[in-house]
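K.L.:
Just so you know, we're using our numbering here: the sequence shown kicks off at 196 and counts up by one.
Here it is, the structure, as structure tokens.
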Amino acid sequence: MNLVEVTDHKEIYENNEIVKLMFNCMVRPTIGRIQSVAQSTYSKQQGKFYKAMEDDKIVGIIGLKRINNDRLDILHISVDEHMRNKSIGKNMIKEAGTYDKVDEIRAETTHNMVDFYKKCGFRTKLVENELGLDEYICTLKLR
């Protein structure tokens with residue numbers, strides 16, 4: 196697997212492979228919402244978006260936002276359904292942390308993804324979000 200930074204935010208909503216993966220990791224996804232996220236987060240210096248490549252095929256995506264100088268927040272992560280359980284997601288997280296040289300990676304998720312983060316070595320904490328729903332704060336210390 197090779198992790199490649201997407202430097203043109205338009206690729207996020209114009210590439211069908213990426214769009215399909217974005218649909219898997221967004222709440223109520225639409226092309227318009229994907230375009231909005233790409234423009235507001237990944238077109239600026241606020242976030243970085245990577246695609247995981249294997250034999251010229253996109254097998255996963257990860258979108259990150261740097262918080263201060265020591266933390267990355269995972270905003271989006273998805274692996275092609277035919278490529279799951281091959282450590283692609285875990286490796287994307289590991290490589291992204293190495294590229295950005297941070298002390299910590301954090302994600303907020305629901306119960307459906309918390310086991311994935313635990314398998315990747317994250318510590319998880321159950322909290323209630325502003326809508327009164329259960330949510331997990333997942334933290335991975337790198338240093």
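Backbone N, C-alpha and C fix where the C-beta goes; we use that ideal spot for every residue, glycine too.
Looking at C-alpha atoms only, which residue of Thr225, Ile256 and Lys281 is the closest neighbour of Lys314?
P.N.:
Comparing Cα-Cα distances from Lys314 to each of Thr225, Ile256 and Lys281, the minimum goes to Lys281.
K.L.:
How big is the Cα-Cα spacing for Glu330 and Lys320?
P.N.:
Straight across, the Cα-Cα distance linking Glu330 with Lys320 is about 8 Å.
K.L.:
Look at the alpha carbon of Met308 and the alpha carbon of Asn219, and state the distance between them as a whole number of angstroms.
P.N.:
One C-alpha to the other measures close to 12 Å.
K.L.:
How big is the Cα-Cα spacing for Gly316 and Glu303?
P.N.:
15 Å
K.L.:
Closer than 7 Å by C-beta to Gly242: which residues in its own chain qualify, once you throw out the five before and the five after it? Chain order, please.
P.N.:
The residues Thr236, Gly258, Leu259, Lys260 and Leu270, in chain order, have a CB closer than 7 Å to that of Gly242 in the same chain once the five nearest residues on each side in sequence are set aside.
K.L.:
Under the DSSP definition of a beta bridge, which residues are partnered with Lys336?
P.N.:
Paired residue(s): Glu299.
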